[in-house]
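Student: So that we are looking at the same thing, I have put the structure below in structure tokens.
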Amino acid sequence: MSRIGVFVCHCGTNIAGTVDVEAVADAARQMPNVAYAGTNKYMCSAQGQDYIVDIIKEHNLDRVVIASCSPRMHERLFRKVLAEKTDLNPYLLEVANIREQCSWVHKDKQIGTPKAINLVAMAVAKADCDTQLFTHEIPVTKRALIIGGGIAGIQAALDIADAGFPVTIVERKTTIGGKMPMLDKTFPTLDCSACISTPKMSECEAHPLIEIKTLSEVEKVEGYIGNFDVTIREKAKYIDYDKCTGCGMCETKCPQKKIPSEFNQGMSTRTAVYKPFPQAVPSKPTIDADHCRMLTEGKCGVCAKVCPTGAIDYQDVDRVTTERYGAIVLATGYELIDWTRLYGEYGGGRYADVISGLQFERLVNASGPTEGHILRPSDGTEPKTMVIVKCVGSRDPHKGVPYCSRACCMYGAKHAHQFMDKVPGGKCFVFYMDVRTPGKNYDEFYMNTLHEGARYIRGRISKITRRSDGKLVCLGEDTLSGNVVEVDADMVVLETAMVPPEGAKKLAQTVNTQLGPEGFFTEAHPKLRPVETNTGGLYLAGTAQGPKDIPDTVAQAGAAAAKVIGLLCKQSIESNPMVAHVDDSKCSGCGACVDICPYSAVTLVEKTLRENSRKVTRTVAQVNEGLCQGCGACTVACRPGASDLLGFNDEGIMREVEAYATR
Amino acid sequence: MADVQDTIRERAAALLSSGEVSAVIGWGAGRFDDVRFPLVVKRAEDAGKLVFDASCVQMTAKRLLEHTGEGKVALVARGCESRAVNRFIADHQLTRDQVYVIGVPCPGMVDPATGETLKRCAECQVRNPVVHDELVGDPVPEPKPYRFAEVDRVEAMSREERRAFFDEMYGKCIRCYACRNACPCCTCRECFVEQDKVGWQGKAFNVNEARYYGMIRAFHTGDRCIECGECERACPMGLPLMVIMHQQVRDIDKLFGPYEGGGLTDSGPDPLRTYKTDDIEEFM
């Protein structure tokens, strides 16, 4: 016989408005094993906590049921109260969610009250089956791995390294920096993007605790929070960075000069041995094996001849290393949707003067292919009329993605401003669905662009055609006046949607975490745990988690760094005791749990067991408590029920069902 | 089949006398001409007791598990037994080096009660062993008969008719667990029905509990079933158990296919116990 105390929370009127909490407490007093039931206005407040502690002592309770909000909200808090202020094991606690799953979804007490009573009855039945659980200590490796070296990864790396922990940045491109150095000016302050991002890049390079691995990818991740064994493949660069001084002689002499430059979005060319842009970090070139004549055809070798330090090594191979990290930050960023594939009505890429927003950034950038002069890619003349189309791919569930990419309204306004600033007398038309400018000084920026003369037209462009004189005829609708609008533009800029980068899905499998339906990494809780994932020790920074602008990205990277620092500060961490546990006597070692485990936490091991007073060696399943996230997949896959989830044992769940079914 | 029987005896004697295997599992003569029993031969001189003819209706594969730890054991295996061997290996109940498979292509057995082809043989998809160390006799053609006729019939029923069909079926079940004991997928050390769960699964006869047993067993074996039909053959009450197993094979093929049944290879994993990030999850 257990002595269960039931504590029903009013949550102000949140619960008490639709649930008669006193009636719930009265009903609870009649339930088996319940020794006490009472209510309080705010159970989570200091006064409410004291009430629970006092009653536990006064009534000698050995189990606690708290009927309040979702356990995701305050279960941890109540566990802490039990652990610190009472003699009870903190896992002898059940939370009946009578707020999110009851009072908030019902309108009147007629329905809310009986449902709350049922929920409490189930929690009481389960509480009787609860057992004491104990955590154990897991050591923490005091190093962090950042996957992705864009501004999010850079910020997180700097913050963690400044706190004194070694950091490795793995970047799959030839330089860190990501997209930010490609941009011209950043909204709303119009400060130069490269001027604020490249110093951070060099700070990373110079930081004694930051190691940068470019042209590298994470191949395998094993282990668990505090102890991830990560296998990284560093692809061949064909240049010995210990010898290379970054003088750039090889770049000037390389005969392969016609390769489209990725950094300039295909609007200029580069050589086969190259550095994507002058401020790249590491500030040394790499050889593009797909285009180098020496590597593809076996003849050339000019760079090796001109290199003053003999750094060129055509025999260079990939290097694979495995190292241990305590925490991992996913900062894999975004890509822009391939509009040419989806929007045939905008020319599908056939018109040179229909460009993406990122191409416009390069055009308007002083270090770009036109040295900052806005010139049409087709004939090099200055466009007098420019059309900006927003939401290309975004908010378009049929062709593109259903979500808003968040940054386009602002950089669209910025593009309009920059065009009118650089082209005197230029006309700019912005076709929009809505203008969304929530952010500090954002709406002021947009209003300023309007005052400068940008014409905002609410509607989408339905078709762009090119006339023989080179003008792009943009046909659209002004949905506010209901008129058809036709604009003869010299250039069209498409503000395209942010989408997850290629390989996000594979990486999610490698690091054992989940992607949302749009392909961005899923946070553990959208409000309360926005930079954590459901996998312990794995954090999110920047657009890897969803579209966002630079200020939000940097803020989130700092938040992820704070979480990592919080973890790495500890000598050891407490394990989650609510993990799967295998009853050796029932386990036949069939391996169903091994196959189904999403976290690779279960393995088959040989064990010597005592059975019928005989020693036998059998194969049985074993759970790695560090890896196990307590999802319970194995417990349902296990036919004889050998695998059980501590804290959610089959018995307790059966009793919950029974309690509900027999009421 | 007489030639095949002679070869089996010769090979069994040779394997036992050379010490390569510690036992040979096959069939032996019963009291009547048309009754055969599983026979485990441990001495070369007893190899002559092995029989192979159209009356070998039992599936012998599960006997293998009774002799693990006794060195290598030889199994005279038809298509169904060979799939069971793969099943055991995939379920980690056996390793490949613990068994020596004497493969025997099988033309189908005769039901002693009716004198016609045994039902499980008439539905057989794999007559030739899918795994063997040696093959005795020539491979037989694989007609791959349509095995979902009964499933089609039940599917075509109205809700009430179907309810009546299963009520009648489980109304007859005496819960002797012969189906489970015969099944090569049932290798748990402690079956769920033998665990005490008050109010969920008792000992007394009760149609609801019989149905509960049948349905849970179907889920436990659904994605691993090798379609040997031994459960149905072993059932003393003649329940059409394979209709449930065939239905599952077809559903799994539709949802996670292509899928032709369990035990065709010795490397699981099996569709319902595999975690894939691109699994169908329209309910989420």
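Just so you know, the sequences run in chain order A and B.
Residues -7 to 655 in our numbering are what the first sequence spells out, letter by letter.
Residues 1234 to 1517 in our numbering are what the second sequence spells out, letter by letter.
Glycine residues also receive a C-beta, built at the ideal position from the N, C-alpha and C atoms.
#1: Short of 7 Å in beta carbon distance, which residues of its chain neighbour A:Ala358, apart from the five on each side in sequence? Order them along the chain.
#2: Indicate the three-state DSSP secondary structure (helix, strand or coil) for A:His407 in the structure shown.
#3: Give the DSSP-derived three-state secondary structure of A:Arg135 in the structure shown.
#4: Determine whether the Cβ of B:Thr1350 lies closer than 7 Å to any Cβ atom of chain A.
#5: Please classify A:Tyr531: is it buried, with 16 or more other beta-carbons within 10 angstroms of its beta-carbon, or exposed?
#6: Who are the near neighbours of A:Asn110 in its chain, counting only those whose CB is closer than 7 Å to its CB and skipping five residues on each side?
#7: Determine, for B:Asp1512, whether the minimum Cβ-Cβ distance to residues of chain A falls below 7 Å.
#8: Taking all protein chains shown into account, decide if B:Ile1513 is buried (16 or more other Cβ within 10 angstroms of its Cβ) or exposed.
#9: Is there at least one Cβ from chain A nearer than 7 Å to B:Arg1413's Cβ?
#10: With distances taken between CB atoms, is the gap from A:Asp330 to B:Thr1507 smaller than 7 Å?
#11: Report the rounded CA-to-CA distance for A:Gln34 versus A:Val57, giving the unit in angstroms.
#12: How big is the Cα-Cα spacing for A:Arg631 and A:Phe423?
#13: Would you call the stretch 1404 to 1415 of chain B and the stretch 1359 to 1376 of chain B in contact, with 3 or more CB pairs under 8 Å?
#14: Going along chain B in order, which residues have a C-beta closer than 9 Å to the C-beta of A:Ser605?
#15: Look up A:Ser564 in the DSSP assignment and say whether it is helix, strand or coil.
#16: Could you tell me if A:Gly302 is buried or exposed, where buried requires 16 or more neighbouring beta carbons within 10 angstroms of its beta carbon?
#17: Express the C-alpha separation of B:Gly1336 and B:Leu1368 in angstroms, rounding to a whole number.
#18: List the residues of chain B that A:Leu596 touches, going by C-beta distances under 7 Å, in chain order.
#19: Counting pairs of Cβ atoms below 8 Å between the stretch 122 to 136 of chain A and the stretch 546 to 566 of chain A, do you hit three or more?
#20: Taking a contact to mean a Cβ-Cβ separation below 7 Å, would you say A:Leu596 touches A:Thr611 in this structure?
#21: Tell whether a beta-carbon distance below 7 Å holds between A:Glu353 and A:Asp544.
#22: Could you check whether the Cβ of B:Tyr1410 sits closer than 7 Å to any Cβ belonging to chain A?
#23: Could you check whether the Cβ of A:Ile645 sits closer than 7 Å to any Cβ belonging to chain B?
#24: Let me know if A:His517 comes out buried or exposed under the rule of 16 or more other beta-carbons within 10 Å of its beta-carbon.
#25: Quick one: does A:Ala584 have its CB under 7 Å from some CB of chain B?
#26: Determine whether the beta carbon atoms of A:Cys242 and A:Cys184 lie at a separation below 7 Å.
#27: Under 7 Å Cβ-Cβ, which residues of chain A neighbour B:Cys1228?
#28: If you measure from the beta carbon of A:Ala629 to each beta carbon in chain B, is any gap under 7 Å?
#29: Could you work out which residue in A:Gly156, A:Asn475, A:Ala272 is closest to A:Cys187 when comparing CA atoms only?
#30: Given a cut-off of 7 Å on the beta-carbon distance, is the pair A:Ala629 and A:Val574 in contact?
#31: If you drop the 5 nearest sequence neighbours on each side, which residues of the same chain put their C-beta closer than 6 Å to that of A:Glu226?
#32: For B:Phe1425, would you say it is in contact with chain A, using Cβ-to-Cβ distances shorter than 7 Å as the test?
#33: Can you give me, in chain order, the residues of the stretch 111 to 145 of chain A that have a beta carbon less than 7 Å from any beta carbon in chain D?
#34: Could you give the distance in angstroms between the alpha-carbon of B:Val1442 and the alpha-carbon of B:Gln1434?
#35: Tell me which residue opens and which closes the beta strand (DSSP E) that A:Met483 is part of.
#36: Taking only beta-carbon atoms, is B:Thr1328 less than 7 Å away from chain A?
Tutor: Working from what's here:
#1: Taking the first residue of the first sequence as 1, we reach residue 358 of chain A at position 366. Within the same chain, A:Ala358 has close Cβ partners Gly364.
#2: Indexing the first sequence from 1 puts residue 407 of chain A at position 415. Correct three-state label for A:His407: helix.
#3: To locate residue 135 of chain A, count along the first sequence from 1; it is residue 143. Three-state result, A:Arg135: coil.
#4: Numbered from 1 along the second sequence, position 117 holds the residue referred to as residue 1350 of chain B. Not an interface residue.
#5: Numbered from 1 along the first sequence, position 539 holds the residue referred to as residue 531 of chain A. Buried, because 16 or more other Cβ atoms sit within 10 Å of the Cβ of A:Tyr531.
#6: The residue you call residue 110 of chain A lines up with position 118 of the first sequence. Counting only Cβ-Cβ distances below 7 Å, and skipping sequence neighbours, we find Tyr652, Arg655.
#7: The residue you call residue 1512 of chain B lines up with position 279 of the second sequence. For B:Asp1512, the answer is no, since every Cβ of chain A falls outside 7 Å of its Cβ.
#8: Looking up residue 1513 of chain B in the second sequence gives position 280. B:Ile1513 is exposed by the Cβ-count criterion.
#9: Mapped onto the second sequence, residue 1413 of chain B falls at position 180. No, its Cβ sits nowhere closer than 7 Å to a Cβ of chain A.
#10: Taking the first residue of the first sequence as position 1, residue 330 of chain A is located at position 338. Taking the first residue of the second sequence as position 1, residue 1507 of chain B is located at position 274. It is not a contact, given that the beta carbons lie outside the stated cut-off.
#11: Counting from one through the first sequence, the residue named residue 34 of chain A turns up at place 42. Counting from one through the first sequence, the residue named residue 57 of chain A turns up at place 65. The identity of residue 34 of chain A in the sequence shown is Tyr, whereas the question assumes Gln. So the alpha carbons of these two residues sit roughly 15 Å apart.
#12: Counted from its first residue, the first sequence places residue 631 of chain A at position 639. Counted from its first residue, the first sequence places residue 423 of chain A at position 431. If you take the alpha carbons of A:Arg631 and A:Phe423, they lie about 60 Å apart.
#13: no
#14: One-based indexing of the first sequence puts residue 605 of chain A at position 613. Neighbours of A:Ser605 on chain B: none; closest Cβ ~17 Å, over 9 Å.
#15: Here residue 564 of chain A refers to the residue found at position 572 of the first sequence. A:Ser564: strand per DSSP, three-state reduction.
#16: As a position in the first sequence, residue 302 of chain A is number 310, starting the count at 1. By the neighbour-count rule (16 or more Cβ atoms within 10 Å), A:Gly302 is not buried but exposed.
#17: Within the second sequence, residue 1368 of chain B is the residue found at index 135, counting from 1. Within the second sequence, residue 1336 of chain B is the residue found at index 103, counting from 1. Looking at the two C-alpha atoms, the distance is approximately 5 Å.
#18: Along the first sequence, one-based indexing puts residue 596 of chain A at 604. Within 7 Å Cβ-Cβ: His1325.
#19: yes
#20: In the first sequence, the residue the question calls residue 596 of chain A occupies position 604. In the first sequence, the residue the question calls residue 611 of chain A occupies position 619. The answer is yes: Cβ separation under 7 Å.
#21: Stepping through the first sequence from its first residue, residue 353 of chain A is reached at position 361. Stepping through the first sequence from its first residue, residue 544 of chain A is reached at position 552. In this structure, A:Asp544 does not lie closer than 7 Å to A:Glu353 by Cβ.
#22: Mapped onto the second sequence, residue 1410 of chain B falls at position 177. It does not; no Cβ of chain A falls within 7 Å.
#23: Counting from one through the first sequence, the residue named residue 645 of chain A turns up at place 653. By this cut-off, A:Ile645 is not an interface position.
#24: For the purposes of this step, residue 517 of chain A is taken as the residue at position 525 of the first sequence. Looking at its Cβ environment, which holds fewer than 16 other Cβ atoms inside 10 Å, A:His517 is exposed.
#25: By one-based count along the first sequence, residue 584 of chain A stands at place 592. With 7 Å as the cut-off, A:Ala584 counts as an interface residue toward chain B.
#26: In the first sequence, residue 242 of chain A corresponds to position 250, counting from 1. In the first sequence, residue 184 of chain A corresponds to position 192, counting from 1. Not a contact, by the Cβ cut-off of 7 Å.
#27: Within the shown structure, residues of chain B are numbered from 1234 to 1517, placing residue 1228 of chain B beyond reach of any answer.
#28: Here residue 629 of chain A corresponds to residue number 637 of the first sequence, with the count starting at 1. Output row for A:Ala629: interface = yes.
#29: By one-based count along the first sequence, residue 187 of chain A stands at place 195. Here the closest residue by C-alpha is A:Ala272.
#30: Locating residue 629 of chain A in the first sequence gives position 637, counting from the first residue. Locating residue 574 of chain A in the first sequence gives position 582, counting from the first residue. Taking 7 Å as the Cβ cut-off, A:Ala629 and A:Val574 do not qualify as a contacting pair.
#31: Numbered from its first residue, the first sequence carries residue 226 of chain A at position 234. Excluding sequence neighbours, A:Glu226 sits near Lys205, Ser208, Arg311.
#32: As a first step, residue 1425 of chain B is located in the second sequence; it is residue number 192 there, counting from the start. For B:Phe1425, the answer is yes, since a Cβ of chain A falls inside 7 Å of its Cβ.
#33: The structure shown contains no chain D; its protein chains are A and B.
#34: In the second sequence, residue 1442 of chain B corresponds to position 209, counting from 1. In the second sequence, residue 1434 of chain B corresponds to position 201, counting from 1. Before going further, note that residue 1442 of chain B is Glu rather than Val in the sequence given. About 6 Å.
#35: Position 491 of the first sequence, counting from 1, holds the residue named residue 483 of chain A. A:Met483 -> beta strand (DSSP E) spans 483 to 488.
#36: Residue mapping note: residue 1328 of chain B aligns to position 95 of the second sequence, counting from 1. With 7 Å as the cut-off, B:Thr1328 does not count as an interface residue toward chain A.
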